[in-house]
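Chains as they are written, first to last, in the working numbering: chain A, 1 to 112; chain B, 1 to 112.
Where a beta carbon is used, it is the ideal one built from N, C-alpha and C, also for glycine.
What follows is a short report on a single structure.
What follows is the structure, given as structure tokens:
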């Protein structure tokens, strides 16, 4: 069974204080690893897809990296508007369609 | 191009009533997915549908839950004889074949 574990569960940062979120996964053949951002009362918003170990993607203050067993989401010099829950999900190669298995998320709070 | 539209945004049902959640996918998207997010838990896959076909319902509870995506109209997730444990946020997502998907804003079901 595919499993995704995210840590820490919650993270409090001062504005400008860089940090990293971890996503550990086990999957029988990875098709893709996804990062989403979710604001309170809203649906997940797509950030990145990573397909193979060594791949990196960046968007503004966010950078996602992938190894064979985990992914990191680095937040550089965060701002209060980066406060959200960040979700990691994996898609197995044999999954019917695009079924995703999600981790529990990391709640990030950036204080000014 | 409107995003994935879910309605209602909030739904209150008494125990034993039926809940009907609707999802209109993005234009051009032929794949629809339903996920459930229980309080303080991650998103859990429920069902994957294409027009007039259920492709994967491995995450659907065996009783009381059903889903459809008719040739015309929105996808419907139906929960019969709701119980307090059904209280959750239900998210719909849509995608074109073999591509990442877009989530709606969700329906928050409260069973009283």
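- Burial state of residue 89 of chain A is buried, judged by a 10 Å Cβ sphere holding 16 or more other Cβ atoms.
- For residue 10 of chain A, the CB contacts under 6 Å within the same chain, skipping 5 residues up- and downstream, are 107 in chain order.
- Within chain A, the C-beta atoms nearer than 7 Å to that of residue 104 of chain B come from 43, in chain order.
- For residue 95 of chain B, the closest C-alpha among the options B:30, B:59 and B:18 is that of B:30.
- For residue 32 of chain B, the enclosing beta strand (DSSP E) starts and ends at 31-37.
- Listed in chain order, the beta strand (DSSP E) elements of length 3 or more contained wholly in the stretch 5-63 of chain A are 10-14, 19-26, 30-38, 45-50 and 56-59.
- Against residue 105 of chain A, the close residues of chain B are 42, in the order they occur along the chain (beta-carbon pairs closer than 8 Å).
- At a cut-off of 8 Å, the C-beta of residue 28 of chain B has no neighbouring C-beta in chain A.
- Against chain A, the CB of residue 69 of chain B has no partner CB under 8 Å away; the residue lies outside that interface.
- Within the stretch 83-101 of chain B, the residues whose Cβ lies closer than 7 Å to some Cβ of chain A are 91, 95, 100 and 101, listed in chain order.
- For residue 70 of chain A, the enclosing beta strand (DSSP E) stretches over residues 70-75.
- In the DSSP secondary-structure assignment, residue 7 of chain B is bridged to B:22.
- Bridge partners of residue 106 of chain A according to DSSP: A:86.
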